[in-house]
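Worksheet: one structure, shown below.
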Amino acid sequence: MMQNRFLVAGAAIVLLATTSACDGGDNPDTNSVETGQNIASSLSGIDGMDTASDLIKKAGLEQMLEGEAAYTLFLPTDQAFATLPDGELDWLRSDEGRPDLIALLRQHMVPGTVVQEDLEAALESSGGTVSLASLADSPLALRREGNTILIGSDAAGPQISLPPHIATNGVVYEVSALIKPDS
Amino acid sequence: MAKKGNGCQPPGQAKKSNRDYLSRYSRFSDGDWRYYNGYAYRTDTGSNLINSFLPLVGGALFGANKWPVAYQDYSVPQYYDRFYGRNDDYGYRYADRTIFRVDPQDQTIEGIVALLTGHDFGVGRRMPSGYDVYNVPSQYRDQYYDRPDAQYRYSDGYVYQVDPTTQLIAAAIQLIV
Numbered sequence: 000m001m002q003n004r005f006l007v008a009g010a011a012i013v014l015l016a017t018t019s020a021c022d023g024g025d026n027p028d029t030n031s032v033e034t035g036q037n038i039a040s041s042l043s044g045i046d047g048m049d050t051a052s053d054l055i056k057k058a059g060l061e062q063m064l065e066g067e068a069a070y071t072l073f074l075p076t077d078q079a080f081a082t083l084p085d086g087e088l089d090w091l092r093s094d095e096g097r098p099d100l101i102a103l104l105r106q107h108m109v110p111g112t113v114v115q116e117d118l119e120a121a122l123e124s125s126g127g128t129v130s131l132a133s134l135a136d137s138p139l140a141l142r143r144e145g146n147t148i149l150i151g152s153d154a155a156g157p158q159i160s161l162p163p164h165i166a167t168n169g170v171v172y173e174v175s176a177l178i179k180p181d182s
Numbered sequence: 006m007a008k009k010g011n012g013c014q015p016p017g018q019a020k021k022s023n024r025d026y027l028s029r030y031s032r033f034s035d036g037d038w039r040y041y042n043g044y045a046y047r048t049d050t051g052s053n054l055i056n057s058f059l060p061l062v063g064g065a066l067f068g069a070n071k072w073p074v075a076y077q078d079y080s081v082p083q084y085y086d087r088f089y090g091r092n093d094d095y096g097y098r099y100a101d102r103t104i105f106r107v108d109p110q111d112q113t114i115e116g117i118v119a120l121l122t123g124h125d126f127g128v129g130r131r132m133p134s135g136y137d138v139y140n141v142p143s144q145y146r147d148q149y150y151d152r153p154d155a156q157y158r159y160s161d162g163y164v165y166q167v168d169p170t171t172q173l174i175a176a177a178i179q180l181i182v
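Here it is as structure tokens:
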């Protein structure tokens with residue numbers, strides 16, 4: 000099935016890009032904090048993200064987040080992880096729980112570089128709600144309420160802290176709660 | 006199958022290692038999956054025979070484990086070898102929307118190099134939902150920016166040119182030649 004998908008895309012390839020992936024690039028979002036490092040390295044320098052950073056290492060995703068491909072992460076803060084039920088964090092850190100951890104982290108990641116400026120513009124032009132394809136089974140629905148941007152339809156759902164952190168290979172947003180599968 | 010612990014023991018006979026999978030976050034959250042040594046499996050309710058047995062990303066499919074024998078033909082296209090692997094000497098394998106780096110000599114999994122959406126893309130097809138926001142990586146933005154007659158969206162190693170009116174994909178652009 001996947002190979003069919005590759006074939007469909009492969010048959011239609013247009014070799015247009017010549018820009019070197021090592022060229023770097025200007026910060027596309029003037030509101031944001033530019034880390035000057037890749038996502039994996041940036042995480043250890045962001046206050047309040049120790050748990051997320053630790054879980055990404057436990058999930059074996061560091062190599063991916065040091066790589067060429069761009070990702071945007073909506074990562075819960077340490078405070079958000081502290082609200083998990085007793086034992087849940089231990090389960091996620093365990094070897095048996097690692098598949099669950101990776102599935103959980105997939106829900107907090109989207110492909111590409113989604114900067115604040117473009118997110119705000121899309122929310123404005125679409126009437127306050129946008130959909131972002133995630134690396135999990137369903138997309139994330141983001142909506143504006145007043146001055147805040149929330150994920151999902153729950154009034155008490157994850158709230159995005161602005162500005163984000165711009166890494167060389169993507170963006171990291173801090174969020175106030177874990178993103179549920181139906182968000 | 007998995008080579009850890011009592012790896013020769015059939016899952017149905019394993020006692021201590023078996024548990025309800027109880028995943029809250031994955032496709033294995035529907036209640037009848039169980040976990041054994043890095044695999045998810047479920048049994049037929051009538052016969053109690055195993056009818057599904059899948060290696061889990063982060064379980065059997067994780068660093069230091071051998072790539073499962075039954076998944077030998079899950080190689081990635083050459084473009085992904087170049088884009089995610091930078092044409093190095095490793096092998097790359099795909100399973101469950103994940104690309105793994107594998108030692109070509111002994112088939113040991115070296116790590117996860119990419120998570121993919123797994124969406125279906127193709128020229129002439131409608132762009133999948135979830136691409137409302139411009140997301141082209143920084144180093145390609147000077148080249149691929151939204152215009153009245155074309156939108157550009159990134160996913161799984163490609164930039165897709167999309168007709169803003171019809172949302173049909175006009176081109177799939179490789180980022181590394």
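Line order of the protein sequences matches chains A and B. Every letter in the first sequence is one number past the one before it in this note's numbering, and letter 26, counting from 1, is 25. Position in the second sequence (from 1) plus 5 gives the number in this note's numbering. All C-beta atoms, glycine included, are put in the ideal place defined by N, C-alpha and C.
Would residue i pass as a contact of residue j if the rule is Cβ separation under 9 Å?
i, j, result
"Gly111 of chain A", "Arg158 of chain B", "yes"
"Ser41 of chain A", "Val171 of chain A", "yes"
"Arg131 of chain B", "Leu180 of chain B", "no"
"Gly162 of chain B", "Leu121 of chain B", "yes"
"Leu104 of chain A", "Leu60 of chain A", "yes"
"Gln166 of chain B", "Tyr149 of chain B", "yes"
"Ala79 of chain A", "Ser152 of chain A", "no"
"Pro138 of chain A", "Gly135 of chain B", "yes"
"Thr103 of chain B", "Lys71 of chain B", "no"
"Leu83 of chain A", "Glu173 of chain A", "no"
Got a sec? Which residues, its chain only, sit under 6 Å from residue i by beta carbon, not counting five neighbours each side?
i, result
"Thr167 of chain A", "Asn37"
"Tyr139 of chain B", "Asp151"
"Ala20 of chain A", "Its pLDDT being 31, under 50, Ala20 of chain A is placed unreliably by the model, and nothing is read from it."
"Gly23 of chain A", "Here the model assigns Gly23 of chain A a pLDDT of 36, short of 50, so the residue's position is not dependable, and the following value carries that caveat. Nothing meets the Cβ criterion."
"Gly47 of chain A", "Thr76, Asp77"
"Gly169 of chain A", "Ile38, Ala69, Tyr70, Thr71, Thr112"
Give the DSSP bridge partners of residue i, in chain order.
i, result
"Ile174 of chain B", "B:Val167"
"Leu131 of chain A", "A:Leu139, B:Tyr136"
"Ser57 of chain B", "B:Arg47"
"Met108 of chain A", "A:Leu72"
"Ala166 of chain A", "A:Gly169"
"Tyr157 of chain B", "B:Gln166"
"Tyr145 of chain B", "DSSP lists no partner for Tyr145 of chain B."
"Gln158 of chain A", "A:Leu149"
I'd like the list of long-range same chain contacts for residue i, defined as Cβ closer than 8 Å, with 5 residues on each side in sequence excluded.
i, result
"Leu141 of chain A", "Leu118, Leu122, Thr128, Val129, Ser130, Leu131, Ile148, Leu149, Ile150, Ile159"
"Met1 of chain A", "Residue confidence is low: Met1 of chain A scores 43 on pLDDT, short of 50, so the model does not pin down where it sits. Its coordinate-derived value is still stated next. Contacts found: none."
"Tyr76 of chain B", "Pro60, Arg98, Ala100"
"Thr170 of chain B", "none"
For residue i, which residues of its own chain have a beta-carbon under 7 Å away from its beta-carbon, when the five flanking residues on both sides are left out?
i, result
"Ala177 of chain B", "Phe126, Val128, Tyr163, Tyr165"
Report whether the distance from the Cβ of residue i to the nearest heavy atom of the ligand SAH is below 8 Å.
i, result
"Ile55 of chain A", "As for the ligand SAH, it is missing from this structure, which has no ligand bound."
### Ranges of the alpha helix (DSSP H) found wholly within the region 80-132 of chain B, counting only runs of at least 4
As far as the region 80-132 of chain B is concerned, its whole alpha helix (DSSP H) runs of at least 4 residues are 83-90.
### Residues in the region 103-127 of chain A having any Cβ partner in chain B nearer than 7 Å
Listed in sequence order: Leu103, Arg105, Gln106, Met108, Pro110, Gly111, Thr112, Val113, Asp117, Leu118, Ala121, Ser125.
### Query
Taking a cut of 7 Å between CB atoms, which residues from the region 81-106 of chain A lie near chain B?
Residues passing the 7 Å Cβ filter: Glu95, Arg97, Pro98, Asp99, Leu100, Ile101, Ala102, Leu103, Arg105, Gln106.
### Query
Got a sec: which bits of the region 127-140 of chain A sit with their beta carbon under 7 Å from any beta carbon on chain B, in order along the chain?
If the cut-off is 7 Å between Cβ atoms, the region 127-140 of chain A has Val129, Ser130, Leu131, Ala132, Leu134, Asp136, Pro138 near chain B.
### Message
Under 9 Å, CB to CB, which of the residues in the region 61-76 of chain A have a partner in chain B?
### Response
Within the region 61-76 of chain A, the residues whose Cβ lies closer than 9 Å to some Cβ of chain B are Glu61, Gln62, Met63, Gly66, Glu67, Ala68, Ala69, Tyr70, Thr71, listed in chain order.
### Interface positions of the region 137-156 of chain B facing chain A (Cβ-Cβ less than 7 Å), listed along the chain
Close to chain A, meaning a Cβ-Cβ distance shorter than 7 Å, are the following residues of the region 137-156 of chain B: Asp137, Val138, Tyr139, Asn140, Val141, Pro142, Ser143, Gln144, Tyr145, Arg146, Gln148.
### Query
Name the residues in the region 120-135 of chain B whose C-beta lies less than 9 Å from a C-beta of chain A; which are they?
The region 120-135 of chain B vs chain A, Cβ under 9 Å: Leu120, Leu121, Thr122, Gly123, His124, Asp125, Phe126, Gly127, Val128, Gly129, Arg130, Pro133, Ser134, Gly135.
### the region 64-81 of chain B: positions lying closer than 7 Å to chain A by Cβ
Of all residues in the region 64-81 of chain B, Gly64, Phe67, Gly68 have a Cβ within less than 7 Å of some Cβ in chain A.
### Query
Which ranges does the alpha helix (DSSP H) cover as unbroken runs of at least 4 residues, wholly within the region 27-106 of chain A, from first to last along the chain?
The DSSP assignment places 38-42, 49-57, 61-64, 77-81, 87-92, 97-105 as complete runs of the alpha helix (DSSP H) inside the region 27-106 of chain A, in order along the chain (cut-off: 4 residues).
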